[in-house]
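Residue numbers (UniProt numbering): 1 to 235. Positions of the beta carbon are idealized from the N, C-alpha and C atoms, including for glycine. See below for the structure under consideration.
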């Protein structure tokens with residue numbers, strides 16, 4: 001899946017809309033658009049609209065949309081009576097048609113928030129150079145979503161204080177592919193890799209923790225899988 005961020009800021013009756021899209025091969029698309037708008041709620045909605053327009057134009061589907069606005073979250077709920085006040089009536093439908101899941105994150109983790117306040121040139125990967133089939137040929141490669149609380153666990157356990165949300169999600173999926181499935185109980189799965197345990201519920205990674213042992217046989221299996229994965233991705 002791709003992982004995207006949207007946000008908007010308003011100052012002096014001008015709105016800065018921003019979105020970022022990170023693809024499977026780590027290619028990035030960044031956009032910042034300046035319009036005349038003084039309402040922050042409308043600006044937030046327009047930022048999502050710009051992202052959807054981009055996705056439709058290039059026929060890009062299957063992904064995750066991250067934003068930090070509770071107002072946007074409430075208005076995207078289909079049963080909310082005010083859903084059409086700022087969000088276009090087709091937004092929820094378009095998200096579903098493109099198979100894009102939405103998720104609320106803390107503002108400090110929103111890459112698009114930084115772009116709203118940035119006046120520098122934003123380099124992006126050429127669309128024709130993006131490889132969305134990056135993991136497709138790897139059998140049983142996982143594509144789990146990430147519960148926001150796991151980001152802090154990832155930063156602490158792997159000593160990566162500045163790791164982004166998409167970095168944690170992508171790296172943990174990679175580790176799950178290399179890990180051993182040690183327990184499965186209904187929708188809950190527990191994976192172990194070295195001295196770490198990753199817990200998955202349904203389609204979402206919900207917990208990352210340390211364990212106080214390492215199985216030697218498991219360690220060497222992980223080493224072999226890592227080499228195998230590196231070789232397959234280099235083809």
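Have a look at residue i and residue j and give me their C-alpha separation to the nearest angstrom.
i           : j           : result
residue 83  : residue 76  : Because residue 83 carries a pLDDT of 45, less than 50, the predicted location of this residue cannot be relied on, and the following value inherits that uncertainty. The alpha-carbon atoms of residue 83 and residue 76 are separated by roughly 6 Å.
residue 68  : residue 7   : 7 Å
residue 224 : residue 135 : 18 Å
residue 102 : residue 115 : 20 Å
residue 181 : residue 37  : 51 Å
residue 58  : residue 96  : 17 Å
residue 218 : residue 151 : 25 Å
residue 50  : residue 155 : 31 Å
residue 91  : residue 195 : 43 Å
residue 13  : residue 130 : 36 Å
residue 70  : residue 93  : 19 Å
residue 189 : residue 226 : 21 Å
residue 39  : residue 178 : 47 Å
Enumerate in chain order the residues of its own chain whose CB-to-CB distance from residue i is below 8 Å, with the five nearest sequence positions on each side excluded.
i           : result
residue 144 : 169, 172, 173, 176, 200, 203, 204, 205
residue 164 : 109, 111
residue 146 : 165, 168, 169, 172, 204, 205
With burial defined as no fewer than 16 other Cβ atoms inside 10 Å of the residue's Cβ, what is the status of residue i: buried or exposed?
i           : result
residue 4   : buried
residue 232 : exposed
residue 186 : exposed
residue 214 : exposed
residue 210 : exposed
residue 161 : exposed
residue 153 : buried
residue 56  : exposed
residue 228 : exposed
residue 24  : buried
residue 19  : buried
Using DSSP's beta-bridge definition, name the partner residues of residue i.
i           : result
residue 145 : 204
residue 66  : 5, 103
residue 198 : 191, 208
With a threshold of 6 Å on Cβ separation, who are the neighbours of residue i within its own chain once the five nearest residues in sequence on each side are excluded?
i          : result
residue 21 : 2, 4, 29
residue 48 : 6
residue 72 : 44
residue 65 : 4, 100, 102
Take residue i and list the residues in its own chain whose beta-carbon comes closer than 7 Å to its own, dropping the five residues that flank it on each side.
i           : result
residue 126 : none
residue 113 : 7, 68, 107
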